[in-house]
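Start counting the sequence shown at 147; every next residue gets the next number (the numbering used here). Ideal Cβ placement from N, Cα and C applies to all residues, glycine included.
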Amino acid sequence: MDTLIDDIGSFPLPEGIKREEYAKAYELAREAILGGQNPCDDLFVEKTFCSVVVESFRKKLATGLDVANYPQIYSGMRQISDAIHEAMADGSFVVPKERAILPEVYVLNQHAKRLSEEIGRKIRLRVSMFGPIAHYLAEVGATAYPDVLEGFAQTINHFAKNSILNSKYIETTVISIDEPSLGHSPFTGSAELVRETLEKAYDFSGPTKQIHLHFASSIHNLLAVKGLDVLSFEYGGSPHNINEVPKNILDQADKQIRVGITRTDIDTIWAELYEKGITQPTAEQLVESIETIQKRYRFAKAKYGEHMTFTGPDCGMGSWPSQDAAELLLRRTVEAVKTA
Numbered sequence: 147m148d149t150l151i152d153d154i155g156s157f158p159l160p161e162g163i164k165r166e167e168y169a170k171a172y173e174l175a176r177e178a179i180l181g182g183q184n185p186c187d188d189l190f191v192e193k194t195f196c197s198v199v200v201e202s203f204r205k206k207l208a209t210g211l212d213v214a215n216y217p218q219i220y221s222g223m224r225q226i227s228d229a230i231h232e233a234m235a236d237g238s239f240v241v242p243k244e245r246a247i248l249p250e251v252y253v254l255n256q257h258a259k260r261l262s263e264e265i266g267r268k269i270r271l272r273v274s275m276f277g278p279i280a281h282y283l284a285e286v287g288a289t290a291y292p293d294v295l296e297g298f299a300q301t302i303n304h305f306a307k308n309s310i311l312n313s314k315y316i317e318t319t320v321i322s323i324d325e326p327s328l329g330h331s332p333f334t335g336s337a338e339l340v341r342e343t344l345e346k347a348y349d350f351s352g353p354t355k356q357i358h359l360h361f362a363s364s365i366h367n368l369l370a371v372k373g374l375d376v377l378s379f380e381y382g383g384s385p386h387n388i389n390e391v392p393k394n395i396l397d398q399a400d401k402q403i404r405v406g407i408t409r410t411d412i413d414t415i416w417a418e419l420y421e422k423g424i425t426q427p428t429a430e431q432l433v434e435s436i437e438t439i440q441k442r443y444r445f446a447k448a449k450y451g452e453h454m455t456f457t458g459p460d461c462g463m464g465s466w467p468s469q470d471a472a473e474l475l476l477r478r479t480v481e482a483v484k485t486a
């Protein structure tokens, strides 16, 4: 089985667009969609949000990714927490399904025909979102209340179901629930409660179901999660992680693995270059060489074999200095895997 190359999601803003303007356009786009209107009919929203999403996604597709995540430029937490706050104001932790929408997915679906024709194939889309535990920690805290947590799980489930596209031009191939705090937070919920919560969130069919983690040690507690297909960890910037996940546990649990093979920890990369006297690094200097990325891929593939069904960068690139640098990283990652 071929290993598919995807990306985690976040992407830098293009030059000339200010973050606060993009955020305002995002909020207006969401309001328009919820009101049954086309957000791109508004000139400000069209220029500052719709066109940015489409052009950024076009850059991703051009790198050769097998499965491209929508460009997550707005705050990954606020995408969902904005809606959660509305629900909380009405006395609930469950965002109604009709209000659980990701504007980026809506816009890409509108432009799918043209984008698909440009690349000569059906678009395989990856949809990422922060998960119920990440949002619970941010909104409620570390003490676990199962009934409240169930509401957060239902909310994520609604966002996931509304993000499933399947047309002639675009298909949601992967939905990833990101839980970066698992294994590294003071959350008091038991492993059983975490399992039950994630199973409620993953209660949909169609796309491959991933979970993106920052700490590989938490994988062991997720092997029993029903419906979860692919567990993901970072290897490029955290080489010790690969030692914590033996192949035999994947065999026993019938799970697949996604291994991040390209460093995206931009602050550390900057610091390392600065120590070498490179104070204004170019994109070429920021991105690892194809040979370095390829070496990691070969090692991981040799270890996990058929279980390694996805690979790509460690994490998102929202903090990277430019879209050109992020695009170069994706291109090198694709080339490293395709020529391995």
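If residue i sits next to residue j, beta carbons under 8 Å apart, how far is it from one beta carbon to the other, in whole angstroms?
| i | j | result |
| --- | --- | --- |
| P249 | I179 | 6 Å |
| H281 | I230 | 6 Å |
| K119 | I388 | The chain is shown only over 147 to 486; residue 119 falls outside these bounds and no answer can be derived. |
| H366 | I395 | 7 Å |
| T479 | I151 | 7 Å |
| V251 | T301 | Not quite, the Cβ-Cβ distance comes to about 16 Å (not below 8 Å), so this is no contact. |
| T493 | A288 | Outside the displayed range of the chain (147 to 486) lies residue 493, so it cannot be described from this structure. |
| S156 | G462 | 3 Å |
| T207 | L261 | In the sequence as presented, Thr is not what sits at residue 207; that position holds Leu. With 8 Å as the limit, L207 and L261 qualify as a contact, their Cβ atoms being about 7 Å apart. |
| S313 | A362 | Contact doesn't hold; Cβ gap of about 36 Å is too wide. |
To the nearest angstrom, how far is the alpha carbon of residue i from that of residue j?
| i | j | result |
| --- | --- | --- |
| R165 | S202 | 15 Å |
| G382 | L159 | 24 Å |
| R296 | S227 | Note that residue 296 corresponds to Glu in the displayed sequence, not to Arg. In a straight line, the C-alpha of E296 is about 15 Å away from that of S227. |
| R409 | R442 | 11 Å |
| M275 | I323 | 5 Å |
| L369 | A399 | 6 Å |
| D125 | S309 | In the structure displayed, the chain extends from 147 to 486; residue 125 sits before or after that span and is not available. |
| K193 | Y172 | 11 Å |
| K372 | G352 | 15 Å |
| V340 | D236 | 26 Å |
| S331 | A306 | 24 Å |
| P427 | S465 | 15 Å |
| A486 | V253 | 35 Å |
| C186 | E481 | 35 Å |
| V234 | P242 | Note that residue 234 is Met in the sequence shown here, rather than Val. Approximately 11 Å between the Cα atoms of the pair. |
| D470 | A169 | 22 Å |
| V271 | R444 | The displayed chain sequence assigns Leu, not Val, to residue 271. The straight-line gap from Cα to Cα measures roughly 25 Å. |
| G182 | I247 | 12 Å |
| K447 | D212 | 17 Å |
| A198 | I436 | As written in the sequence, residue 198 is Val, which differs from the Ala given in the question. Whole-angstrom Cα-Cα distance: 28 Å. |
Can you tell me which residues form a DSSP beta bridge with residue i?
| i | result |
| --- | --- |
| D324 | F276 and H358 |
| N312 | E317 |
| E380 | G406 |
| R487 | Outside the shown range of the chain, which is 147 to 486, sits residue 487, and nothing can be said about it. |
| L150 | F456 |
| A214 | L271 |
| S156 | Q218 |
Is the beta carbon of residue i sitting closer than 9 Å to the one on residue j?
| i | j | result |
| --- | --- | --- |
| V273 | I321 | yes |
| E325 | G266 | no |
| I415 | I439 | no |
| I316 | N255 | yes |
| N215 | D148 | no |
| A347 | A284 | no |
| E473 | T209 | yes |
| L311 | T318 | yes |
| S384 | H360 | yes |
| A429 | S378 | no |
| V191 | L174 | yes |
| T418 | L475 | Residue identity check: residue 418 is Glu in the sequence provided, not Thr. Not a contact, by the Cβ cut-off of 9 Å. |
| D375 | D411 | no |
| A290 | S238 | no |
| R224 | E232 | no |
| T425 | T354 | no |
| R204 | E263 | no |
If you follow the beta strand (DSSP E) that residue i is part of, which residue opens it and which one closes it?
| i | result |
| --- | --- |
| I407 | Q402 to T408 |
| M454 | M454 to P459 |
Specify, as a first and last residue, the run of the alpha helix (DSSP H) that residue i falls within.
| i | result |
| --- | --- |
| E192 | Careful: E192 lies outside any alpha helix (DSSP H) and carries neither H nor E. |
| K243 | That residue, K243, is in no alpha helix (DSSP H); it is neither H nor E in DSSP. |
| A171 | R165 to L180 |
| V253 | P249 to Q256 |
| K447 | I436 to Y450 |
| K484 | Q469 to K484 |
| M463 | Taken as a continuous stretch (DSSP letters only), M463 belongs to no alpha helix (DSSP H), as it is neither H nor E. |
| Y420 | I412 to E421 |
| Q183 | Here Q183 belongs to no alpha helix (DSSP H), and DSSP marks it neither H nor E. |
| N394 | K393 to A399 |
9 Å is my cut-off, CB to CB: does residue i come that close to chain C?
| i | result |
| --- | --- |
| E177 | Note that chain C does not occur in the displayed structure, where there is just one protein chain. |
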